[in-house]
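Protein chains in written order, with the numbering used here: chain R, 313 to 829; chain G, 3 to 554.
Glycine included, every Cβ here is placed at the ideal spot set by N, Cα and C.
These figures come from a predicted structure and were not determined experimentally.
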């Protein structure tokens, strides 16, 4: 009977129908899977991949139905057609019916999640103020949905906005990855998200499974541009304070447990960009930054200025007054943008209103504010010791070619509990450059444990092994496995032909790739 | 009165004939490709557009004569002509991967050459990496068969950020031995119902024909040996000449291949002219390009005087629409050897002709001395590019036309106190252009044009002391560059010691960040001093007074 039961369940599941849904949104199928020691092991042509249970949202495995009896009592019960299910002995048929229903539901959910990788199969969800079109699995989407609705309520309350009753709901398009974003949203390379501020409004952003917090911050940033529209639909905020305020609110956090939306947190990435400027001998000047109509500083130093002003009880109301005065204040000169009857202010006018609202009557008061702001920035940098702060400091140091500094920050981040595979890999690469191959290999293994389905990590480890010559065959196997898995690294596709070897076959497409290839 | 049967049938017969004319397929032309071994009908009267000389993927390109229009609510009206493109994915070519090659420079030092121009895996990959007409997604995908040929039907919607309106792309990918041939139609979404029947007939007309036996892969490797620009730098001028001549020959030969009806190619002087415009206009373009070439040779004879300059291919489309379709279907390329323009009847104010001049400038300076060309400071680079665009041939002689728009812009800057003195303009670093507002960038750009105009065709060109101003500056710039390179080479591998502590690293980082700007300033100051060291402040004041007088 137990054999029949196993056969029945195996039939329900179907041969080769194992399916794995990861918490980060990827769905893998088409690869044999089995459970082993708190993990699911996937068997690819070029080796096994071990995915720890903590990374898994759901696993539907044929092997689950073939588990042998745990003890003699269970074997006896099985003879009578009884099986243990969720702590109770129930008839096998009843168990099979329950399992069948659950498997079907889970498989449907998994198939839907996988199908959404094609934009035509996207999910469309309308909430009170927004219309979402997205490719995310439900468990990831829920957080976006709740966060953006809460954000809208929080921002509206702070800036006393009227709720948009008769206005069309803002379309919010969330893509499963950067590739889909560029392709479907038509966004140029280098762009991370965009809000179309011309009617019809449209917001486009993407989910980044390697850095989901940053992806959310970018989405919040663009969402602020929409919320700023609600201050005055006929006014287009100038680059400063527009981008600086968007950065300020971009650093927000939604806590699903307490359902609290916290704004104005630290933009740690921006903070470390500022630190790099300071290290290079540059500090933004208040007047020059504000009159400038397109400066990149508005994202970095501008954010820090807004952060300073919004965290100073005396200056906060003045800054808020300045922000609203630009669009609604009397005596403010506004010029046409050139479409949709929109108006805006020149850099000089922004500076005039800023001085007026902040009470900066002379050069001395401007200088005083500038010094206080710079001191505030220095203080933020000195106190930024969070794990994510260290991670971002490391990234910035790599970007600015300061490897010694980068290694220190990566090590500190990992020692403090960072779970970022990116940190591990970037650190490993730096150690590899130093010739510390043993440490680098150990770090690649750590990255693989964190993100075992990312082919890039196997590829990097494989290339290092090949370069070391001692384990070239293992290196070759890992590179092949990397190609089989695919990943977030274009280098996987590149042949290292230094030995004049022939070309290799291109990576095969197919169901084995996370997210359906 | 008797009437013949024929006569009696005449009227209904005519009616029948006209009804059949409506129902019958529109008379289509056959597109035949013997290399890949297929033929397909193209919609009636669509224009064939050629491919760029270094194209590897696109094998045919057609454009409808009729335009369709899209008007955005409360916005602009955009015009769009449907088009048909055919792209071949040869199995052997698709298998190629981007690669990294280990090479050695002439000092024997190893370096890696990364070739990022990886081939397209399939049609969707081609779309993802090459399509720039807006955001798109596959709406429908299914299998079909045309005769014995398996095909995949892919229907695409183009919606977001599509500047000329929502569009529809319908593609059939025919899977034939060793090749996938994608035939793609693109039109405005609203136009699709009107075109659908004709397009579907074209799709279903696909046939295999015997292959000619030519290689299926169209390789763009040119010359006797494929070299990178950096590798070519390592050759002697004589060796480089051989390589360039071979590349030029190969490039010209490719440009003349498979020209569609209505296109001609003729050697006109040093240029290979490929054109669908009238020949008289093509000659005019060649004549003007030659005049610009001669002006460069006469004005800067000392620049790379031992270098061979490759003659470009100049492609002249018959009108703007044809040019747009050509450019739309063309991939970005490393090569600047193909200059593309169209007949625009703009006469002396034609900015399309200006683009040809700029193309000649880029090829000439690039081959004569690329390092010098790239090292030009902002005022010289912007100014020369804009001024050369204004050059026109009149009675066989080159003339630099006055750009009234530019004069008005700069005059306004002078009035508003934003204009810089030439001495200040000449000291601006590239980074100075990109800090501050866009207005700052354009201010510098426009003033550079005005200043170089003043030097090449204004009063400065006629004054004994200033008539060689530009040449003296370019010579000085080159000599500074040579001196710096020599100093760098003298250092050899004993360059700055690598930092070993974080403190050293921070100092090094700061010195480097400040060093870039300092070095740029230093080059400009040295070049300036070398060229105009003998000029007094009074000389400069006089010179600048005359300059501002010409602006008015």
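- request: Measure from the C-beta of residue 660 of chain R to each C-beta in chain G and report whether the shortest distance is under 8 Å.
  value: Against chain G, the CB of residue 660 of chain R has no partner CB under 8 Å away; the residue lies outside that interface.
- prompt: Excluding the five sequence neighbours on either side, which residues of its own chain have a C-beta within less than 6 Å of the C-beta of residue 663 of chain R, listed in chain order?
  reply: 602 and 603
message: Using 8 Å for Cβ pairs, my map puts residue 670 of chain R next to residue 627 of chain R. What's the rounded Cβ distance?
response: 7 Å
message: Distance cutoff 8 Å, beta carbons only. Does residue 140 of chain G sit that close to anything in chain R?
response: Yes, because at least one Cβ of chain R sits closer than 8 Å to the Cβ of residue 140 of chain G.
- prompt: Where does residue 8 of chain G land, buried or exposed, given buried means 16+ other C-beta within 10 angstroms?
  reply: Low confidence applies to residue 8 of chain G: its pLDDT is 35, below 50, so where it sits in the model is not reliable, and the reading given next is rough at best. Its Cβ having fewer than 16 others within 10 Å, residue 8 of chain G is exposed.
message: In whole angstroms, give me the CA-to-CA distance for residue 506 of chain G and residue 512 of chain G.
response: 10 Å
- request: Would you list the one or two residues that DSSP bridges to residue 648 of chain R?
  value: R/655
message: Using a Cβ-Cβ cutoff of less than 8 Å, which residues in the same chain neighbour residue 278 of chain R once the five nearest sequence positions on both sides are dropped?
response: Here chain R has residues from 313 to 829 only, and residue 278 of chain R is not among them.
message: Under 8 Å, Cβ to Cβ, is there at least one residue of chain R near residue 164 of chain G?
response: yes
field: Positions along the stretch 697-713 of chain R whose CB lies within less than 8 Å of some CB in chain G
entry: 712 and 713
message: Measuring only the C-alpha atoms, how far is residue 281 of chain G from residue 360 of chain G?
response: 22 Å
query: Can you round the beta-carbon distance between residue 181 of chain G and residue 62 of chain G to whole angstroms, since I take them to be within the 8 Å contact cut?
result: The pair is not a contact, with the Cβ atoms about 14 Å apart (cut-off 8 Å).
DSSP-derived helix/strand/coil call for residue 45 of chain G: coil
task: Kindly indicate which three-state DSSP category residue 429 of chain G falls into: helix, strand or coil?
output: coil
- prompt: So residue 359 of chain R is in the beta strand (DSSP E); what residue range does that whole segment cover?
  reply: Run containing residue 359 of chain R: 359-364, per the beta strand (DSSP E) assignment.
- prompt: List, in order along the chain, the chain G residues whose C-beta lies closer than 9 Å to that of residue 496 of chain R?
  reply: 137, 138, 139, 161 and 162
task: Name the two residues that bound the continuous alpha helix (DSSP H) containing residue 536 of chain R.
output: 524-543
- prompt: Can you check whether the CB of residue 555 of chain R is closer than 8 Å to the CB of residue 582 of chain R?
  reply: no
task: In the DSSP assignment, find the unbroken alpha helix (DSSP H) run with residue 735 of chain R in it and report its ends.
output: From DSSP, the alpha helix (DSSP H) with residue 735 of chain R extends over 733-745.
- prompt: residue 504 of chain G CB to nearest chain R CB: under 8 Å?
  reply: yes
field: Neighbour flag for residue 58 of chain G against chain R, beta carbons, 8 Å
entry: no
4 or more residues per run - each alpha helix (DSSP H) lying fully within the stretch 562-600 of chain R: 580-591
task: Please state if the CB of residue 720 of chain R and the CB of residue 504 of chain G are separated by a distance shorter than 8 Å.
output: yes
query: Which class does residue 331 of chain R belong to by DSSP, given the choice of helix, strand or coil?
result: strand
field: Among G/517, G/468 and G/315, nearest to residue 53 of chain G - alpha-carbon criterion
entry: G/315
message: Can you check which of these residues, R/594, R/650 and R/762, is closest to residue 736 of chain R by C-alpha distance?
response: R/762
- request: Could you pull out every unbroken alpha helix (DSSP H) segment of at least 4 residues lying fully inside the stretch 432-512 of chain G, listed in chain order?
  value: 432-435, 440-458, 461-464 and 471-493
- prompt: Going by DSSP, what residues sit across from residue 553 of chain R in a beta bridge?
  reply: For residue 553 of chain R, DSSP records no beta bridge to any residue.
query: What does residue 593 of chain R reach in chain G if we use C-beta pairs closer than 8 Å?
result: 512, 515 and 516
Residue 408 of chain R burial status per 10 Å Cβ neighbour count (16 or more: buried): buried
- prompt: Using the C-alpha atoms, what's the distance from residue 777 of chain R back to residue 384 of chain R?
  reply: 48 Å
query: Three or more beta-carbon pairs under 8 Å between the stretch 447-457 of chain R and the stretch 119-133 of chain G, yes or no?
result: Verdict: no, contact absent.
- prompt: Applying the criterion that 16 or more other CB atoms from any shown protein chain within 10 Å of the CB defines a buried residue, is residue 165 of chain G buried or exposed?
  reply: exposed
message: Within the continuous alpha helix (DSSP H) that includes residue 451 of chain R, where are the two ends?
response: 450-470
query: Given that residue 130 of chain G touches chain R, what residues does it touch there, using C-beta distances under 9 Å?
result: 491, 494 and 495
message: Three or more C-beta pairs under 8 Å: does that hold for the stretch 355-371 of chain G against the stretch 389-396 of chain G?
response: Judged by pairs of C-beta atoms under 8 Å, the stretch 355-371 of chain G touches the stretch 389-396 of chain G, as three or more such pairs exist.
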